[in-house]
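Shown next, in structure tokens, is the structure this report addresses.
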Amino acid sequence: MSIETDTIEQTESLESKQWKTRRKSASSIFNGPILRRAMVDSLKKLDPRWQLKNPVMFVVEVGSVITTIEWVRLLLQGPVNEMWFTLGVAFWLWFTVIFANFAEAMAEGRGKAQADALRSTRTSMMAKRLKTSERQAGFTEVQAPDLRKGDLVLVEAGEVIPGDGDVIEGVASVDESAITGESAPVIRESGGDRSAVTGGTRVLSDWVVVRISANPGESFLDRMIALVEGAARQKTPNEIALNILLASLTIIFMLAVITLEPFAIYSGSPVAITTLIALLVCLIPTTIGGLLSAIGIAGMDRMVQRNVLAMSGRAVEAAGDVDVLLLDKTGTITLGNRMASRFVPLNGIEERELAEAALLSSLADETPEGRSIVKLAEEQYGLHVSANTDEAIFIPFSAQTRMSGVDFQTRTGTRSIRKGAGDALNKYAAENGGEASEELTQLVEEIARAGSTPLVVADNGSANGSARLLGVIELKDIVKGGMRERFEQLRKMGIRTIMITGDNPLTAAAIAREAGVDDFLAQATPETKMKLIREQQAGGRLVAMTGDGTNDAPALAQADVGVAMNTGTQAAKEAANMVDLDSNPTKLIEVVEVGKQLLMTRGALTTFSIANDVAKYFAIIPAMFSVAFPVLNALNIMHLATPHSAILSAVIFNAIIIILLIPLALRGVNYKPLGAGPLLRRNLLIYGVGGLIVPFIGIKLIDLLLVLLHLA
Numbered sequence: 001m002s003i004e005t006d007t008i009e010q011t012e013s014l015e016s017k018q019w020k021t022r023r024k025s026a027s028s029i030f031n032g033p034i035l036r037r038a039m040v041d042s043l044k045k046l047d048p049r050w051q052l053k054n055p056v057m058f059v060v061e062v063g064s065v066i067t068t069i070e071w072v073r074l075l076l077q078g079p080v081n082e083m084w085f086t087l088g089v090a091f092w093l094w095f096t097v098i099f100a101n102f103a104e105a106m107a108e109g110r111g112k113a114q115a116d117a118l119r120s121t122r123t124s125m126m127a128k129r130l131k132t133s134e135r136q137a138g139f140t141e142v143q144a145p146d147l148r149k150g151d152l153v154l155v156e157a158g159e160v161i162p163g164d165g166d167v168i169e170g171v172a173s174v175d176e177s178a179i180t181g182e183s184a185p186v187i188r189e190s191g192g193d194r195s196a197v198t199g200g201t202r203v204l205s206d207w208v209v210v211r212i213s214a215n216p217g218e219s220f221l222d223r224m225i226a227l228v229e230g231a232a233r234q235k236t237p238n239e240i241a242l243n244i245l246l247a248s249l250t251i252i253f254m255l256a257v258i259t260l261e262p263f264a265i266y267s268g269s270p271v272a273i274t275t276l277i278a279l280l281v282c283l284i285p286t287t288i289g290g291l292l293s294a295i296g297i298a299g300m301d302r303m304v305q306r307n308v309l310a311m312s313g314r315a316v317e318a319a320g321d322v323d324v325l326l327l328d329k330t331g332t333i334t335l336g337n338r339m340a341s342r343f344v345p346l347n348g349i350e351e352r353e354l355a356e357a358a359l360l361s362s363l364a365d366e367t368p369e370g371r372s373i374v375k376l377a378e379e380q381y382g383l384h385v386s387a388n389t390d391e392a393i394f395i396p397f398s399a400q401t402r403m404s405g406v407d408f409q410t411r412t413g414t415r416s417i418r419k420g421a422g423d424a425l426n427k428y429a430a431e432n433g434g435e436a437s438e439e440l441t442q443l444v445e446e447i448a449r450a451g452s453t454p455l456v457v458a459d460n461g462s463a464n465g466s467a468r469l470l471g472v473i474e475l476k477d478i479v480k481g482g483m484r485e486r487f488e489q490l491r492k493m494g495i496r497t498i499m500i501t502g503d504n505p506l507t508a509a510a511i512a513r514e515a516g517v518d519d520f521l522a523q524a525t526p527e528t529k530m531k532l533i534r535e536q537q538a539g540g541r542l543v544a545m546t547g548d549g550t551n552d553a554p555a556l557a558q559a560d561v562g563v564a565m566n567t568g569t570q571a572a573k574e575a576a577n578m579v580d581l582d583s584n585p586t587k588l589i590e591v592v593e594v595g596k597q598l599l600m601t602r603g604a605l606t607t608f609s610i611a612n613d614v615a616k617y618f619a620i621i622p623a624m625f626s627v628a629f630p631v632l633n634a635l636n637i638m639h640l641a642t643p644h645s646a647i648l649s650a651v652i653f654n655a656i657i658i659i660l661l662i663p664l665a666l667r668g669v670n671y672k673p674l675g676a677g678p679l680l681r682r683n684l685l686i687y688g689v690g691g692l693i694v695p696f697i698g699i700k701l702i703d704l705l706l707v708l709l710h711l712a
């Protein structure tokens, strides 16, 4: 390896390490710069126009303003003890609003830190814009921001790809650490589903011609920055519904508190405005109201930490409700490298003859399977191309014919060689003067039952002009380790898994049995994928699937959660609502886990918040009416020192609990693959019962501290 190449790889390794360091730093909760930025932002968010977006916290802020005004009035003319009490309540009400703002600012700050890390990958560079699609036609150097959609650029070893696009010529090793953080290079080549490249990545070897697919400001990196920064975040349907519920509860409690004052006046013991506001703030669901936005932002952030770019919070939320997972067999359930392992000829056919025909039919097949057939024929028999293939016509594989091959001229006429699915080749032989073979059918079934993929070879170049079936090429694929256990976990969560493959039903059944999936779709085409998704959705199920090719785009768009591979085509990435930067098809399982964790966190903290209100009710109501109605002292089960101490303790606890729950809101509730029933029981036990008990302990401890400090 040259010194120059060594230097490039060392530079990219360093960039990858720096990127990972920035990502790790951004994902840390107790990160200094994020904390400082969040403190400043939490004060900026006190703007009433911002608070209006959160009705619960807007009510708290209005209450803070009123109690502050009341404190100023008491400072000028009121009793000293009431003045200090009102000051204490006003102080902690403001802290309640600020802590809620701080939770949201922390969640946004982590996204902004991720965006800063992405911006640092941008460089001002020159691009080689080609005059025509021919590399030899020459190029003009222009600034990368001057490139427009449709422009062709040449990128050579050591150069940075100036913008998003598709490789239309050449093949190269590309380092994508600037985007994914992974230093291992990937291959990008023209044609197929691995032609897409992202601006800011670097070509390590060879060269490629790239057709730019995005104008400045519309690139993948620009969209990614906007999304992780939170600028493009929209509230999800569940979040909107919960906001409406919280606003309704707030209105109900507000009306209830307002009616208490006439009742108190009638009883001869008017209640101070400070006490009424304290009661209102403690009874409305301030805990979940203050953390709701942070939970949603943190859910998208956890996706980014896993190198998955969610195009909306709706997609993350939908992932948590998924009932059915559609997974491609190749590369997801199996290692994805189906390799030719042996040639199995029919009776009367020489194995060398089968190997030669297989070699000729695979010369133009650039798939890993096709290359492995050529390699096996060369290694086992030392075969090389002896026929004149300069004027050969190569027949590409299609979903309709389910075969590929080659036609070329020989001294005796045209010779046609085909390879493909067993039933398709049996039909081909019968239509071209030959005969379908029962022996071949049995051989195909035997290989398929073993979990391998059979490819049948036929030669239509014999002396009598009829097609002959020669035998079968066995392709082997291996199921990834641990897949059966992961599918078992999904089953416990109530999620059904369906494997999608283009293989014949026998091969598909063998792989499905070995992997442990619930069902499979064999000989899949874009139309059958769409049909399957619609059938599942018609049954009331939410469907998730992954894909990378243009033929996957319709299904990705139809699925409730569509995850496109970053290495896939532009059409696939635009159709999906998530993009996996690591291009790891099994990431779909992690996506579902993150979505479920988001829903669990929101549900758990909502349960905890509402349960909190019950305890605060027992703290404040007896304190408010203990003088007028001594019988209510029986409700003072915490034996709080004084009415003022009870109210102030509840308000302080209400503020502190928000900041104590910020780490949980950002990190999420610990996820365990349980069904809906066990999960509900677990949440009610931990967060429901816990939400009842913790306030009693917390308020009592604060009351004791206030008494100890002579503040009550």
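Read in order, the letters of the sequence shown correspond to residues 1 to 712 in UniProt numbering. Just so you know, even glycine gets a beta-carbon here, dropped at the ideal spot from N, CA and C.
What is the residue span of the alpha helix (DSSP H) that LEU425 lies within? Here the question's residue 425 lines up with position 425 in the sequence shown. Note, LEU425: alpha helix (DSSP H), 422-431.
Could you name the residues of the same chain whose beta carbon sits closer than 7 Å to that of THR67, not counting the 5 residues immediately before and after it, in chain order? Mapped onto the sequence shown, residue 67 falls at position 67. Around THR67: THR86, VAL89, ALA90, LEU93, THR274 and ILE277.
Of the residues LEU326, PRO368 and SER362, which one's Cα is nearest the Cα of ARG338? As a position in the sequence shown, residue 338 is number 338, starting the count at 1. Answer by Cα proximity: PRO368.
Which residues bound the alpha helix (DSSP H) around THR410? Walking along the sequence shown from the start, residue 410 turns up at place 410. Careful: THR410 lies outside any alpha helix (DSSP H), inside the beta strand (DSSP E) at 403-410.
From GLY289 to LEU152, what does the alpha carbon distance come to, in whole angstroms? Counted from its first residue, the sequence shown places residue 289 at position 289. Counted from its first residue, the sequence shown places residue 152 at position 152. So the two alpha carbons sit approximately 51 Å from each other.
Throw me the rounded Cβ distance for the GLY165 and ASP206 pair, which I believe falls under 8 Å. The sequence position of residue 165 within the sequence shown is 165, counting from 1. The sequence position of residue 206 within the sequence shown is 206, counting from 1. Not confirmed; about 17 Å, so no contact.
Candidates ALA103, PHE58 and LEU75, of which the one nearest ILE34 by Cα: Indexing the sequence shown from 1 puts residue 34 at position 34. ALA103 is the residue among ALA103, PHE58 and LEU75 whose C-alpha sits nearest the C-alpha of ILE34.
Would VAL406 and LEU359 qualify as a contact pair, given that the criterion is a beta-carbon distance under 8 Å? Locating residue 406 in the sequence shown gives position 406, counting from the first residue. Locating residue 359 in the sequence shown gives position 359, counting from the first residue. Their beta carbons are not under 8 Å apart, which means VAL406 does not touch LEU359 by this criterion.
Please work out which residues of its chain come closer than 7 Å, Cβ to Cβ, to SER649, disregarding the five sequence neighbours upstream and downstream, and give them in chain order. To locate residue 649, count along the sequence shown from 1; it is residue 649. Cβ within range, chain order: ALA619, LEU640, ILE699, ILE702, ASP703 and LEU706.
Where does LEU152 sit, in a helix, a strand or coil, going by DSSP? Taking the sequence shown and counting its residues from 1, the one referred to as residue 152 is at position 152. Under the three-state reduction of DSSP, LEU152 is assigned to strand.
Looking at VAL97: is its Cβ nearer than 8 Å to the Cβ of THR250? Here residue 97 corresponds to residue number 97 of the sequence shown, with the count starting at 1. Here residue 250 corresponds to residue number 250 of the sequence shown, with the count starting at 1. No, they are not a contact pair.
Same chain, Cβ closer than 7 Å to LEU635, five either side skipped, listed in chain order: Walking along the sequence shown from the start, residue 635 turns up at place 635. Excluding residues within five positions, the ones whose Cβ falls inside 7 Å are PHE618, ILE621 and PRO622.
In three-state terms, what does DSSP make of ALA572? Within the sequence shown, residue 572 is the residue found at index 572, counting from 1. Three-state DSSP puts ALA572 in a helix.
Taking three-plus beta-carbon pairs below 8 Å as touching, is the segment 435-443 in contact with the segment 410-418? no
Would you identify the three-state DSSP class for ILE66, choosing helix, strand or coil? As a working mapping, residue 66 is identified with position 66 in the sequence shown. Helix, per DSSP.
Is the segment 308-316 touching the segment 444-454 in the sense that three or more CB pairs, one from each, lie closer than 8 Å? Between the segment 444-454 and the segment 308-316, the count of C-beta pairs closer than 8 Å stays below three; the two stretches do not touch.
Opposing strand residues paired with ALA340 [DSSP bridges]: If you number the sequence shown from 1, residue 340 lands on position 340. Bridge partners of ALA340: LEU475.
Per DSSP, what kind of secondary structure is SER25 in: helix, strand or coil? Locating residue 25 in the sequence shown gives position 25, counting from the first residue. Confidence in SER25 is poor, its pLDDT being 48 and thus under 50, which makes the residue's placement unreliable; the coordinate value appears in the next sentence. Of the three classes helix, strand and coil, the one that applies to SER25 here is helix, per DSSP.
Along the chain, where does the alpha helix (DSSP H) that runs through VAL304 open and close? On the sequence shown, position 304 is the one that residue 304 refers to. First-last of the alpha helix (DSSP H) with VAL304: 286-305.
Proximity below 8 Å, CB of LEU581 to CB of LEU309: In the sequence shown, the residue the question calls residue 581 occupies position 581. In the sequence shown, the residue the question calls residue 309 occupies position 309. Yes, the pair counts as a contact, with Cβ atoms nearer than the cut-off.
N- and C-terminal bounds of the beta strand (DSSP E) containing MET125: Reading the sequence shown from its first residue, position 125 is the one you call residue 125. Taken as a continuous stretch (DSSP letters only), MET125 belongs to no beta strand (DSSP E), as it is neither H nor E.
Express the C-alpha separation of PHE487 and ASP518 in angstroms, rounding to a whole number. On the sequence shown, position 518 is the one that residue 518 refers to. On the sequence shown, position 487 is the one that residue 487 refers to. Cα to Cα, the separation comes out at about 9 Å.
From the DSSP output, in three-state form, read off THR201 for me. Indexing the sequence shown from 1 puts residue 201 at position 201. If DSSP states are grouped into helix, strand and coil, THR201 belongs with coil.
Using the rule of at least 16 other Cβ atoms within 10 Å of the residue's Cβ for burial, across every protein chain shown, is VAL479 buried or exposed? For the purposes of this step, residue 479 is identified with residue 479 of the sequence shown, where counting begins at 1. VAL479 counts as buried, since at least 16 other C-beta atoms from the protein chains shown sit within 10 angstroms of its C-beta.
Starting from ILE373 and walking both ways along the alpha helix (DSSP H), at which residues does that stretch end? Looking up residue 373 in the sequence shown gives position 373. Looking at the DSSP string, the run of the alpha helix (DSSP H) that includes ILE373 is 368-381.
Distance check for ILE258 and LEU542, CA to CA, integer angstroms please. Start at 1 with the first residue of the sequence shown, and residue 542 comes out as number 542. Start at 1 with the first residue of the sequence shown, and residue 258 comes out as number 258. Using only the alpha carbons, I get a separation of about 44 Å.
Spatial neighbours of LEU46 within its chain, please: CB distance less than 8 Å, with the 5 preceding and 5 following residues excluded, ordered by chain position. Indexing the sequence shown from 1 puts residue 46 at position 46. If we look at LEU46 and ignore the five residues flanking it on each side, its Cβ neighbours are GLU61, VAL97, ILE98 and ASN101.
Using the beta-carbon count (16 or more within 10 Å), is VAL614 buried or exposed? Start at 1 with the first residue of the sequence shown, and residue 614 comes out as number 614. By the 10 Å Cβ count, VAL614 comes out exposed.
Which residues in the same chain as LEU470 place their Cβ atom closer than 7 Å to its Cβ, once the five residues preceding and following it in sequence are excluded? To locate residue 470, count along the sequence shown from 1; it is residue 470. Excluding positions up to five away in sequence, the list reads PRO345, LEU346, ILE349, GLU353, LEU354, ALA357, VAL457, ALA458 and ASP459.
May I ask you to report which of helix, strand or coil DSSP gives LEU325? Here residue 325 corresponds to residue number 325 of the sequence shown, with the count starting at 1. Strand at LEU325.
For residue 717 and ILE295, what's the separation of their Cα atoms in angstroms? The first residue shown for the chain is 1 and the last is 712, placing residue 717 beyond what the model contains.
When the distance is taken between beta carbons, is THR140 closer than 8 Å to VAL129? Residue mapping note: residue 129 aligns to position 129 of the sequence shown, counting from 1. Residue mapping note: residue 140 aligns to position 140 of the sequence shown, counting from 1. With the sequence shown as reference, residue 129 is identified as Arg, and Val is not the correct amino acid for it. Contact flag set, yes.
Have a look at GLU474, VAL167, ILE500 and GLN305 and flag the residue whose alpha-carbon is nearest the alpha-carbon of VAL594. Sequence index remark: in the sequence shown, residue 594 carries index 594 (1-based). The shortest Cα separation from VAL594 among GLU474, VAL167, ILE500 and GLN305 belongs to GLN305.
Let me confirm a value: HIS644 is counted as buried when at least 16 other C-beta atoms fall within 10 Å, else exposed. Which label applies? As a first step, residue 644 is located in the sequence shown; it is residue number 644 there, counting from the start. The residue in question, HIS644, is buried, as its Cβ has 16 or more Cβ neighbours within 10 Å.
Can THR586 and THR332 be called in contact, C-beta distance under 8 Å? Walking along the sequence shown from the start, residue 586 turns up at place 586. Walking along the sequence shown from the start, residue 332 turns up at place 332. The answer is yes: Cβ separation under 8 Å.
Option nearest PRO673 by Cα separation, candidates GLY540, GLY320 and ILE498: As a working mapping, residue 673 is identified with position 673 in the sequence shown. Looking at the Cα atoms, GLY320 is the closest of the given residues.
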